[in-house]
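Participant: Protein chains in written order, with my numbering: chain A, 929 to 1982; chain B, 649 to 892; chain C, 14 to 145; chain D, 118 to 200; chain E, 103 to 409.
No residue lacks a Cβ here, since even glycine has one placed at the ideal position from N, Cα and C.
All of these numbers come straight from a predicted model, not from anything done at the bench.
1. State buried or exposed for residue 747 of chain B, treating a residue as buried only when at least 16 other CB atoms are found within 10 Å of its CB.
2. Rounded to a whole number of angstroms, what is the C-alpha to C-alpha distance between residue 1255 of chain A and residue 1632 of chain A?
3. Is there a C-beta anywhere in chain C that falls below 8 Å from the one on residue 175 of chain D?
4. Since residue 184 of chain D meets chain B, which of its residues come closer than 7 Å, beta carbon to beta carbon?
5. Taking residue 1445 of chain A as the reference, give the member of A:1401, A:1694 and A:1491 with the closest Cα.
6. So, with DSSP's three-state summary, where would you put residue 1875 of chain A?
7. Between residue 193 of chain D and chain C, is there a C-beta pair that is closer than 8 Å?
8. Could you tell me whether the region 1362 to 1371 of chain A touches the region 1562 to 1577 of chain A, using the rule of 3 or more Cβ pairs below 8 Å?
9. What are the uninterrupted segments assigned as alpha helix (DSSP H) that are 4 or more residues long and contained completely in the region 1563 to 1593 of chain A, given in chain order?
10. Assuming residue 5 of chain C contacts residue 165 of chain D (C-beta within less than 8 Å), just tell me the rounded distance between them.
11. Expressed to the nearest angstrom, what Euclidean distance is found between the alpha-carbon atoms of residue 1360 of chain A and residue 979 of chain A?
12. Run the proximity test for residue 187 of chain D: is its beta-carbon closer than 7 Å to any non-hydrogen atom belonging to the ligand ZN?
13. Quick one: any contact between the region 1347 to 1361 of chain A and the region 1265 to 1274 of chain A, if contact means 3 or more CB pairs under 8 Å?
14. I'd like to check one pair, residue 1707 of chain A with residue 1830 of chain A: are the Cβ atoms closer than 8 Å?
15. So, helix, strand or coil for residue 1004 of chain A, using DSSP?
16. Starting from the Cα of residue 1784 of chain A, find the closest Cα among A:1512, A:1746 and A:1968 and give me that residue.
17. By DSSP, does residue 135 of chain C sit in helix, in strand, or in coil?
18. Taking only three categories from DSSP, how would you classify residue 459 of chain E?
19. Determine, using beta carbons only, whether residue 1178 of chain A and residue 1266 of chain A come nearer to each other than 8 Å.
20. Can you tell me whether residue 236 of chain E is helix, strand or coil according to DSSP?
21. Please list, in chain order, all residues of the same chain as residue 20 of chain C whose beta carbon is under 7 Å from its beta carbon, the five residues on each side excluded.
22. With a threshold of 6 Å on Cβ separation, who are the neighbours of residue 1006 of chain A within its own chain once the five nearest residues in sequence on each side are excluded?
23. Can you look up residue 282 of chain E in the DSSP assignment and give me helix, strand or coil?
24. Looking at the structure shown, is residue 977 of chain A part of a helix, part of a strand, or coil, going by DSSP?
25. Say whether chain A places a C-beta atom closer than 8 Å to the C-beta of residue 110 of chain C.
26. Please state whether the Cβ-Cβ distance between residue 1688 of chain A and residue 1857 of chain A is less than 8 Å.
27. Using a Cβ cut-off of 7 Å, pull out every chain A residue sitting near residue 32 of chain C, in sequence order please.
28. Taking the beta strand (DSSP E) that residue 1857 of chain A belongs to, which residues open and close that run?
29. Per DSSP, residue 98 of chain C forms a beta bridge with which residues?
30. CA-CA distance, residue 39 of chain C and residue 1144 of chain A?
31. If I follow the unbroken beta strand (DSSP E) through residue 1851 of chain A, where does it start and stop?
32. Quick one: what does DSSP say residue 1013 of chain A is sitting in, helix, strand or coil?
33. So residue 36 of chain C contacts chain A; which residues on that side make the cut at Cβ distance below 8 Å?
34. Give the straight-line distance between the Cα atoms of residue 765 of chain B and residue 1976 of chain A, rounded to the nearest whole angstrom.
In structure tokens, the structure reads:
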């Protein structure tokens, strides 16, 4: 129990004011006022902390009532005197406010020093006033505290003495004045009808029962709503965020929003359900509107303003749906508030350290990596990625909304969140990648650095805590994450040490995981791809000399995410793993030199996909009433939509046609081993997801027909277009990237058939693609690294310098193209069986011809790189790094084994699949597989072809010719010996005629579509943001108009 | 012009809103629960004849504290917002008329006295801290009008202001320990109803409020006044005493 | 004729007039004046709402005590102060509101002074640099 | 009855001076008219049995505010052009 | 499984098959060139000239090599041709001449064709001869285009007979002329015949080799014994292809005589077309394959689905 003598909440007001008044004795320039400020805000924090801790220990975080302490003033009982309340919510919010105050004060130390003791007392009163808003239970007292806060803010804005700040302050005051007029009207009318000013008594007074009561409520609600800056009546607020000193904006965004939010939380129970609806609608408009307008914003602080306003809109939606969300409302709101407040404060604080405010100028943060880490954490927290609180909040929110059949609302929420992600990640990309040569280093003395760092730590801590108390996530294992943290901590060590540690960690995890997966072949296969892939990638990482800062924690984050996917016990954990993987992979992909736009589009598609997935999952959970993985089976709520969305979500990761535009660039610009991770391993996560969903969906229900039909076509077209586009690439990396799209197309096609053979193809492709693409990525990546260019026409003749690479690539492309005798052929053979036995001729036909097209780019690649004329500058180049060759040859060995014994893979997979699809299984006799239609004996083919090859070779040797090795230029060339290799290396635009004939298929229609969409969005944003004329009167007009419009809308609705 | 038309239309609509309010508002016939309680128990609980004062100082003491805080805030903000700057070029200051100077010399003491009376008797008759404070401040204005160059000692004002505010809050906190809660006026005995020294701490609090409001308003005015002073303004120490 | 309702009407009209100034006048000082008119209107409404027809101020002085006694005699019941005075609560609120209003007005005017210093203009449209 | 007539007259006066305050071209007129509105309001408060409020309004609304307005006007006039 | 006998016996029969097919191929080559000459009013070579060329090339003493892959290219090529022969049941009902067809069905044959193409392309690629590369680029582009209708027609056959096994397909066509795929599925056959042209490297689709333009295309740098091997393959490979067609569309061959007749007629089809039409550019031929043959192939599948 909290000791009321020491931790009486009234002390916050008492001490605050006493200190503020006491400061009048001081003159500017002395240190004492600032010491007092820090001490006072620290005291506030301790009081809140004491209460918070008490509530947490009692486990009554979400409970109203009993545990909350009432504080009476003047010695009388309410409603006759003003009382304060300190419950769990109040403790939480005041704690947030007070910590913001403490740290914000520290951040502002030097500004306050300049302005003297008066400014310090204004600051203290501001924090005190916010506490008052939270705690008071009297509506007029609420008004008084709100005015205190408004005036204090208006005072602090001008700590920055610029015309813009002054203008912003003036607009702010006008707006605050107008709002207070309506608030006062509401208060007095509520008093006239309800006979009291006390919130609890007014609740009992049934205001909605009286006509005048309804009007009173309208004024109250609308005024408090306007305090929360609803779009579009919020131009004034944006100016304040923009022009106020960054430290002040930080407090406004972090603490001010929370306080204003809670004021509305207190008032709403007075009203009826129509008020909740009003709030939710205003929130939705705000969330969507301000994030849309944020798209066009190119200055950091103002953008933060848009984002802040948007986040508050989200809070309003949550508040409006109190009834639906029930006991979880406070959990969700807390999650959003925490993420928003902490992240926004961090961002504003960072903004204050920068000299310029353009988004591009944020690249200066790179000069202090800790700032960049904070920036990244804040951005991810705002968008709702794990492990931040908003992730869990958003999950619960969407789950409950869709559980209550409020689909449109959750769609709006996700849509708006997506828009927010659009500008936040664009911005983050700038910070990561923009040129920062000419930018000044951020000004970050310790007192400015401390607050954001503390908030950063709190952000992670809060995320962990929110997760640990969420049902369905409580048993989650944090050991891998702890390992990643450890790697982050030893980031200063050389790469090879971290590499060894990482390999050890992953190996240990594999050993630990294996017994848990035994018997579950499907998960075992994917676990193998993910984790053995991880080990192989890391193995190649030994090539790197130096520190490789930040690589290992992020790579391991991705692998941890993948492992979570495998191990997920429920949808939440699955989604968590998915998002974790996305984070890790984003940072890996954006490491390349020119990868900013590609990493960006990767992120956008990932976020969009994961939102679609979230929506789908929530529908599934709504039907099943649980979030267990089994909820995916037989979804009952809007099953067609649910499954489609989930599939779309996963298709973004498999980069299927329509959602593929991120891949060529993202993979094409990635470094060798990252390329391997991203393509051979990461894409399989999408496959795993598709498999999970499709297993749940089955093919029986009527809605599955169209879904599978479309999915099949997506797969087939991905295969075709991916392969055709690959043929026209000049960069080997991009070629492989397009090839991945094509290969994944086969897999999607196979899965869409929902048949034994189709799935056999998909799974065996998943494995073989991992093998041969692994080889190709590592070798090509290694070569590109060595030569410093991925462009094939700059290579040539490398077979002479890199024979081992050549052999590996040769084997890989034979496998890839499905030419017998290697294992790739098995997949082609099964494809024919599948097409004929399932009767899917047209899609199948497309898939088959894309297989043929694959031949084009494969030949082109191996020819232009390894054959033809060796360039002068490459004459001394050596074989690629041994650390690339080792994993390559391990993969090669696996291919050879599977070629001799295809049954080793196909038979157990087939047996496993028979559990789901009993019809059409392949019968195996040794290495001979037989279907209803045909037969295939991998072993025999290997022997026969091997035999013929050897025989032909022996025959040739038996001719005993004198063979003479000639010089490079000794060719039949119109009687001339070409002097420069470039002249006779036919490589650039290799398939010009092919492009001429069918290039129409590779027109960037999809890219154009997305560009068009983005153009529309930006255009809309640009059009609508012109309502923010910058004129204070216009903003006043907006405010009054908002009130009038809402009033008549609501009356019309009543 | 378009702007005006839109504003007009908007205000017509707003008038519509207000009309709806008027239509639905029913004039009360009786005091409501809260007011009735104050009428019934105000006198005995607080011991103040002026119910408004009783409410302002005790029942809703927190509001009053907040309001004082707002004035304090405004004054503080103005003090660093309207910082005195050195203005270039000296301008002559118009000398005020003889009449005004004489009048102020006569009137100012009376005005101050009136202000003090109003806030000391706040618990008995109409008036109280705000009104009294405002009256004192207007006395100050008169001084300023007559002699623009006479600088009211801001330091002294600030001291009085801080001290009264600090004591006010201190007494409020004392209420937690000595009586029923923060700002409980029953720290002192209620005394005889209707007399000057009655109503417990209420008169004292009201005096503090009066002092604080008065100094704050004065501070506010001086800030606005100071900005038009050509330069720093000399405030001889000997004049300090006369002003308060 | 009920003063309460009249006060309400007057208050609303003042608010509208004030808003007109606030929304249409370009001069910063005029805007602030408009705002203070709005404020006055609100205060009148508040007091009007607390008013009960024909009752006296909520001050329990000697005069009121006599009337209480008289009323008690007429009704033949015990005296009830509550039936004679107007509602004191709105008055208390208005006291607070007036002072707060002054604070806001003062701050607004301070802004006007500083803005004018920056650009030598009192036209609100001179301060539109921040937008969009 | 007298009171009623008085009330209505005061109200009309208040409205007309409010309009003057808002519309007057001359700032001095405006400020004075606004102060006058407050003064009338304080009389109305008396009629509404609110002497405390009346005193406050008179002192603060019509007194101090008006003075501040004038200070500002003065300041602005002195420091340069205005409209 | 139609396995029989021990491995040495099988190898022996395999060699026999190869020998027969090679001779057929060489003879057909000679006869074709003779016909070509006669059509253009020339006397032309002797019909056994291909034998002479082959022997001459094999007996040239010196070889010039550009590298390992250059060296292995022809071997790949020959492996592919021989492999195809051995994976196709040559004579219907004869276990002896089914060779190694037990290890894979029609799909194997279809894909094994690429083995040689790839090897050849790689080998000639290493020579560093730009004409080779140009030839390969053209060849690949054109062949892949021709494959599209080809795959369609094969698919149609597989669908029609619901099997991938070549011998089963031939078996289903037994019992007279009217049971041949040519009659039962004329559209697929027509498609296949058009696609066939694309893979025979004759006019109008001979831009890959394009004499006078890029000496002889891919094999430009090959000579001597290398060329000998390629010529061997050139004898075997077209026969393998034609026999695949014969099996799938024309009722297969019950004996060697039928085999030779059908192979000859089919072979002549491309020759006749080749003498009549002029050469297409690559992009033209790609477009052409994506028009008429593709439409025909799709029609054949649509008919199968309806019927």
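Facilitator: In this structure, then:
1. Numbered from its first residue, the second chain carries residue 747 of chain B at position 99. With fewer than 16 other Cβ atoms within 10 Å, it is exposed.
2. What you label residue 1255 of chain A is simply residue 327 of the first chain in a count that begins at 1. What you label residue 1632 of chain A is simply residue 704 of the first chain in a count that begins at 1. Cα to Cα, the separation comes out at about 36 Å.
3. Start at 1 with the first residue of the fourth chain, and residue 175 of chain D comes out as number 58. With 8 Å as the cut-off, residue 175 of chain D does not count as an interface residue toward chain C.
4. On the fourth chain, residue 184 of chain D is found 67 positions in, with the first residue counted as 1. The CB of residue 184 of chain D comes closer than 7 Å to the CB of 789 and 869 in chain B, given here in chain order.
5. Position 517 of the first chain, counted from the first residue, corresponds to residue 1445 of chain A. Out of A:1401, A:1694 and A:1491, A:1491 has the C-alpha closest to the C-alpha of residue 1445 of chain A.
6. To locate residue 1875 of chain A, count along the first chain from 1; it is residue 947. Per DSSP, reduced to three states, the secondary structure at residue 1875 of chain A is helical.
7. On the fourth chain, residue 193 of chain D is found 76 positions in, with the first residue counted as 1. Judged by the 8 Å Cβ criterion, residue 193 of chain D is in contact with chain C.
8. The region 1362 to 1371 of chain A is not in contact with the region 1562 to 1577 of chain A.
9. Listed in chain order, the complete alpha helix (DSSP H) runs (minimum 4 residues) inside the region 1563 to 1593 of chain A are 1567 to 1582.
10. The structure shown does not extend to residue 5 of chain C, since chain C is modelled only from 14 to 145, so the question has no answer here.
11. As a position in the first chain, residue 1360 of chain A is number 432, starting the count at 1. As a position in the first chain, residue 979 of chain A is number 51, starting the count at 1. Rounded to whole angstroms, the separation of the alpha carbons of residue 979 of chain A and residue 1360 of chain A is 41 Å.
12. Among the components of this structure there are no ligands whatsoever, and the ligand ZN is therefore not found.
13. Between the region 1347 to 1361 of chain A and the region 1265 to 1274 of chain A there are fewer than three C-beta pairs closer than 8 Å, too few to call the two in contact.
14. Counting from 1 along the first chain, the entry for residue 1830 of chain A is found at position 902. Counting from 1 along the first chain, the entry for residue 1707 of chain A is found at position 779. No. Outside cutoff.
15. Start at 1 with the first residue of the first chain, and residue 1004 of chain A comes out as number 76. Reduced to three states, the DSSP call for residue 1004 of chain A is coil.
16. Along the first chain, read from residue 1 onward, the residue named residue 1784 of chain A stands at position 856. Here the closest residue by C-alpha is A:1746.
17. Within the third chain, numbered from 1, the residue matching residue 135 of chain C stands at position 122. Here DSSP, grouped into helix, strand and coil, assigns residue 135 of chain C to coil.
18. No statement about residue 459 of chain E is possible, as the shown extent of chain E runs from 103 to 409 and does not include it.
19. Numbered from 1 along the first chain, position 250 holds the residue referred to as residue 1178 of chain A. Numbered from 1 along the first chain, position 338 holds the residue referred to as residue 1266 of chain A. At a Cβ-Cβ threshold of 8 Å, residue 1178 of chain A and residue 1266 of chain A do not count as neighbours.
20. Numbered from its first residue, the fifth chain carries residue 236 of chain E at position 134. Under the three-state reduction of DSSP, residue 236 of chain E is assigned to helix.
21. Position 7 of the third chain, counting from 1, holds the residue named residue 20 of chain C. Counting only Cβ-Cβ distances below 7 Å, and skipping sequence neighbours, we find 57, 58, 60, 61 and 64.
22. In the first chain, the residue the question calls residue 1006 of chain A occupies position 78. Sequence-distant Cβ neighbours of residue 1006 of chain A in its own chain, meaning closer than 6 Å and more than five residues away, are 1126.
23. In the fifth chain, residue 282 of chain E corresponds to position 180, counting from 1. Residue 282 of chain E falls in the coil class under three-state DSSP.
24. Residue mapping note: residue 977 of chain A aligns to position 49 of the first chain, counting from 1. It is helical.
25. Taking the third chain and counting its residues from 1, the one referred to as residue 110 of chain C is at position 97. In terms of beta-carbon proximity, residue 110 of chain C lines the interface with chain A, with at least one pair separated by less than 8 Å.
26. Residue numbering aside, residue 1688 of chain A sits at position 760 when the first chain is read from its first letter. Residue numbering aside, residue 1857 of chain A sits at position 929 when the first chain is read from its first letter. Contact: no.
27. Here residue 32 of chain C corresponds to residue number 19 of the third chain, with the count starting at 1. The contact set of residue 32 of chain C on chain A, defined by CB atoms closer than 7 Å, consists of 1968 in chain order.
28. Here residue 1857 of chain A refers to the residue found at position 929 when the first chain is read from its first residue. Segment 1856 to 1858, the beta strand (DSSP E) holding residue 1857 of chain A.
29. Taking the first residue of the third chain as position 1, residue 98 of chain C is located at position 85. C:69, per the DSSP bridge assignment.
30. Within the third chain, residue 39 of chain C is the residue found at index 26, counting from 1. Within the first chain, residue 1144 of chain A is the residue found at index 216, counting from 1. Straight-line measurement puts the Cα of residue 1144 of chain A at about 32 Å from the Cα of residue 39 of chain C.
31. For the purposes of this step, residue 1851 of chain A is identified with residue 923 of the first chain, where counting begins at 1. Run containing residue 1851 of chain A: 1851 to 1853, per the beta strand (DSSP E) assignment.
32. To locate residue 1013 of chain A, count along the first chain from 1; it is residue 85. Residue state for residue 1013 of chain A is assigned as strand, using DSSP reduced to three classes.
33. As a working note, residue 36 of chain C is residue 23 in the third chain. Listed along the chain, the chain A residues whose CB falls inside 8 Å of the CB of residue 36 of chain C are 1961, 1964, 1965 and 1968.
34. Locating residue 765 of chain B in the second chain gives position 117, where the first residue counts as 1. Locating residue 1976 of chain A in the first chain gives position 1048, where the first residue counts as 1. Rounded to the nearest angstrom, the two C-alpha atoms are 50 Å apart.
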